[in-house]
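Residue numbers (my numbering): 31 to 81.
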């Protein structure tokens, strides 16, 4: 059994980055463009498409 820690770590990093980019992209980009920097801080929890 050859488990390569480098590949596992790389996979974890990629998954985390994708999740962060996905969530931040959905939430903040829309609000930042609409309401400016103040909107990013206060109302980052906007109505999700799933709800």
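From the three backbone atoms N, C-alpha and C, an ideal C-beta is built for every residue, glycine too.
- In this structure, the CA atom of residue 52 is about 21 Å from the CA atom of residue 38.
- When rounded, the separation of the alpha-carbon atoms in residue 49 and residue 34 is 23 Å.
- By the criterion of a C-beta distance shorter than 7 Å, residue 42 is surrounded by no residue of its chain, once the five residues flanking it on both sides are discounted.
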